[in-house]
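Single-structure report; data block below.
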Amino acid sequence: MGAAARAGAAERLASRGMPGLTEAQALRALDRLLAQDGAQILAMQWSLRQWLETYPSAARSPLWAELQDEERERGRPSAADAAGFRQALERESPPARLSLLEKHVAQQLGRVLRLDAARIERRAPFSGLGMDSLMSLELRNRLESSLGIKLSATLLFTYPDIASLAEHLLGRMALRGGPPEPPGGTAAGAPPGDDPPLAIDELLAAVDAELSLARRGTSR
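Here the sequence shown is numbered in the UniProt record's numbering, starting from 1 and rising by one per residue.
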């Protein structure tokens, strides 16, 4: 196979979520593999999300669904992380809290979109970054876990960029010395309830909000 053909094959694999290893990565992998007893071992980089975007029919397989669940759980912040971040915010002066929270939102958004958080503009609309309904729910879930508060399924359509979302979240957290949380600990306009909404209801609400935004955009 010629050099051009090899380069083309590498690009196709990378677009499917399987980029090649750098020399340093390959050497580290070899070092670890030499310590293993397996007769056949594969070392590679692999993005489950990119793979399933390329082969969407595979997402219906129980195996791939299980792998997606495991990946989401590994990346989801724990209750201890939420408590630690809250304490870090409370140690900051009120003016510094918003900046710290914006950075946190950007980090979670970067993980969902597989983007460098430092390159995401604080006023960049989420819709312009490629955010879809499922991604918005994933980000919402990450923020719930990392901040320790319940959030609406349509949150990201009401507050469609990092700056406005972080400002809203800061008010919701009711930090010591910060603004109080709405009575009952629920978001303004959100009905109180003991049970969280079903995931399918949340997805439908997010899709409905996304379609409403799209209709408003096309009617201008």
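Ideal Cβ placement from N, Cα and C applies to all residues, glycine included.
Please identify the residue among the options whose C-alpha is closest to the C-alpha of residue i.
i: residue 27; options: 43, 124, 121; result: 43
i: residue 113; options: 130, 36, 172; result: 130
i: residue 97; options: 175, 18, 134; result: 175
i: residue 46; options: 38, 34, 67, 35; result: 67
i: residue 150; options: 163, 173, 160, 106; result: 173
i: residue 161; options: 147, 126, 13, 145; result: 126
i: residue 13; options: 48, 99, 61, 62; result: 48
i: residue 163; options: 134, 99, 135; result: 99
Taking the C-alpha atoms as reference points, what is the distance between residue i and residue j?
i: residue 101; j: residue 40; result: 46 Å
i: residue 31; j: residue 9; result: 26 Å
i: residue 90; j: residue 170; result: 11 Å
i: residue 221; j: residue 33; result: For residue 221 there is no data in the structure shown, the boundaries of the chain being 1 and 220.
i: residue 25; j: residue 95; result: 42 Å
i: residue 104; j: residue 87; result: 14 Å
i: residue 83; j: residue 38; result: 41 Å
i: residue 92; j: residue 115; result: 27 Å
i: residue 23; j: residue 120; result: 29 Å
i: residue 29; j: residue 11; result: 21 Å
i: residue 145; j: residue 128; result: 25 Å
i: residue 195; j: residue 61; result: Caution is warranted here: a pLDDT of 41 is assigned to residue 195, below 50, making its placement in the model unreliable, and the coordinate value is therefore given only provisionally. Whole-angstrom Cα-Cα distance: 30 Å.
i: residue 15; j: residue 36; result: 30 Å
i: residue 135; j: residue 63; result: 21 Å
Where does residue i fall in DSSP's three states?
i: residue 149; result: coil
i: residue 156; result: helix
i: residue 42; result: coil
i: residue 62; result: helix
i: residue 121; result: coil
i: residue 48; result: helix
i: residue 13; result: helix
i: residue 173; result: helix
i: residue 95; result: helix
i: residue 114; result: coil
i: residue 84; result: helix
What do you reckon, are the CB atoms on residue i and residue j nearer than 9 Å?
i: residue 158; j: residue 168; result: yes
i: residue 108; j: residue 139; result: yes
i: residue 227; j: residue 147; result: No answer is possible for residue 227: the residues shown for the chain start at 1 and end at 220.
i: residue 20; j: residue 50; result: no
i: residue 123; j: residue 106; result: no
Between residue i and chain C, is there a C-beta pair that is closer than 9 Å?
i: residue 98; result: Going by chain labels, chain C is absent from the structure shown, which holds only one protein chain.
Would you call residue i buried or exposed, if buried means 16 or more other Cβ atoms sit within 10 Å of its Cβ?
i: residue 132; result: exposed
i: residue 142; result: buried
i: residue 118; result: exposed
i: residue 152; result: buried
i: residue 156; result: buried
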